[in-house]
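Colleague: Residue numbers (this note's numbering), protein chains in the order written: chain A, 23 to 139; chain R, 2 to 240.
Each residue gets a CB set at the ideal place from its N, CA and C atoms; glycine is no exception.
On a predicted model such as this, the values are computed, not experimentally measured, just so you know.
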Ligand SMILES: Nc1nc2c(ncn2[C@@H]2O[C@H](COP(=O)(O)OP(=O)(O)OP(=O)(O)O)[C@@H](O)[C@H]2O)c(=O)[nH]1
Ligand SMILES: [Mg+2]
Ligand SMILES: [Zn+2]
């Protein structure tokens, strides 16, 4: 449910990144979300589409890239992607593992269409 | 970086130029910035700020109440609506401010910009520890830093042992996890060690407490831990 809030942060941040450019010129917003960020991409996408109209980002397409979760095994040194039930190392079975990445939430870049010269 | 795309748009036939703006920013930057300011203010004053999160009914209010004899406490109470919990603190003479998220679209979490001024105000009571009782939810509060020194996740025995796998982010961001209502474990024929194991799989270094409002020694253990954190803060302050 907090996807609504996150969508608002995305839109605010987009508007502040384009400065004086009219918001309707934004054609693309690329976002990356780690699988462990606790965000449902479909839900975020829905709110983005809904709220973008209200703030003038009328032509923006939102692209959400979902990044995998990565853990590192402290026993054998290999990295792995855990599944829902298994948070131990699939290579050696150790449960001495450390989270590496997968909870990030970032706006990567925007694309703006400009009038030709 | 510029790339030129030749397209016919709006019929005027001019080549359309596409400009790319690299943003590379955390989506919640605006929240983080306010959270950092709150964190610095509390650190400067030497007041420990504890964000208490957990499912509805996991025992957040009871937990905070049980710690009031150990510290000079103030509370920020977050709920979607009502001030039922806040009233309990007010009746005990504990300074409390209520935040209802129904004015923020009934949000299932608190955000730093909504609570900053209230957290500043609570400092006027000269508390030793300020507890934030977050909105009862195991998903949404995990992404929103409020500037806390400690993020305490309350995980109650009746919720069953598999919650950490189902809701990893909140357990991953916790500084400590209190398994609450442990007095119910024998009654429910549940093994608290299984809860602990599952928490450790998600967050191998987190501090885990077994907690029950009915077992004073478990309350004291948490009080000790928080007191140690206060001492660390005092050291940092005097640096
Ligand atoms: N047996 C037992 N019951 C407890 C314990 N802690 C809390 N409870 C009971 O659990 C219920 C919910 O406790 P609260 O402290 O109100 O929980 P909460 O997380 O603040 O609830 P919300 O604010 O509504 O989300 C109450 O009936 C408490 O009496 C405990 O350690 N053992
Ligand atoms: Mg409560
Ligand atoms: Zn391994």
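1. Check whether the Cβ of residue 144 of chain R lies closer than 7 Å to any Cβ atom in chain A.
2. By the 8 Å beta-carbon criterion, what residues does the stretch 55-68 of chain A contribute toward chain R?
3. Give me the Cα-Cα distance between residue 129 of chain A and residue 217 of chain R, rounded to the nearest whole angstrom.
4. Am I right that residue 96 of chain A and residue 56 of chain A are in contact with their C-beta atoms under 8 Å? What's the rounded C-beta distance?
5. Tell me whether residue 95 of chain A sits in a helix, a strand or coil according to DSSP, three-state version.
6. Name the DSSP bridge partner or partners of residue 112 of chain R?
7. Locate the alpha helix (DSSP H) running through residue 160 of chain R, then write down its first and last residues.
8. Count Cβ pairs between the stretch 192-206 of chain R and the stretch 38-56 of chain R that sit closer than 8 Å; are there 3 or more?
9. What are the uninterrupted segments assigned as beta strand (DSSP E) that are 3 or more residues long and contained completely in the stretch 31-108 of chain A, given in chain order?
10. Residues in the stretch 86-102 of chain A with C-beta within 7 Å of chain R's C-beta atoms, listed in sequence order?
11. Out of R/235, R/226, R/155, state which residue places its alpha-carbon closest to the alpha-carbon of residue 60 of chain R.
12. According to DSSP, which residues form a beta bridge with residue 211 of chain R?
13. For residue 134 of chain R, would you say it is in contact with chain A, using Cβ-to-Cβ distances shorter than 7 Å as the test?
14. Measuring from the CB of residue 176 of chain R, is there a heavy atom of ligand 2 at a distance below 6 Å?
15. Within 7 Å of any Cβ in chain A, is that where the Cβ of residue 28 of chain R sits?
16. Considering only the alpha carbon of each residue, which of R/43, R/136, R/149 lies closest to residue 284 of chain R?
17. Where does residue 128 of chain A fall in DSSP's three states?
18. Using only the alpha-carbon positions, how far apart do residue 132 of chain R and residue 74 of chain R sit?
19. Output, in chain order, the set of chain R residues within a Cβ distance shorter than 8 Å of residue 35 of chain A.
20. Spell out whether any CB of chain A is found under 7 Å from the CB atom of residue 34 of chain R.
21. What are the uninterrupted segments assigned as alpha helix (DSSP H) that are 4 or more residues long and contained completely in the stretch 69-138 of chain R, given in chain order?
22. For the stretch 211-231 of chain R and the stretch 169-184 of chain R, state whether three or more C-beta atom pairs, one from each stretch, are separated by less than 8 Å.
Modeller: Quick look at the numbers:
1. yes
2. 58, 59, 60, 61
3. 47 Å
4. With a Cβ gap of about 21 Å, residue 96 of chain A and residue 56 of chain A do not count as contacting.
5. strand
6. Its beta-bridge partners do not exist; DSSP assigns none.
7. Unbroken run through residue 160 of chain R: none, as it is neither H nor E.
8. no
9. 48-56, 83-89, 92-95
10. none
11. R/155
12. R/180
13. no
14. no
15. yes
16. Coverage of chain R is limited to positions 2 through 240, which leaves residue 284 of chain R absent and any answer about it impossible.
17. strand
18. 7 Å
19. 24, 26, 28, 30, 31
20. no
21. 85-92, 113-123
22. yes
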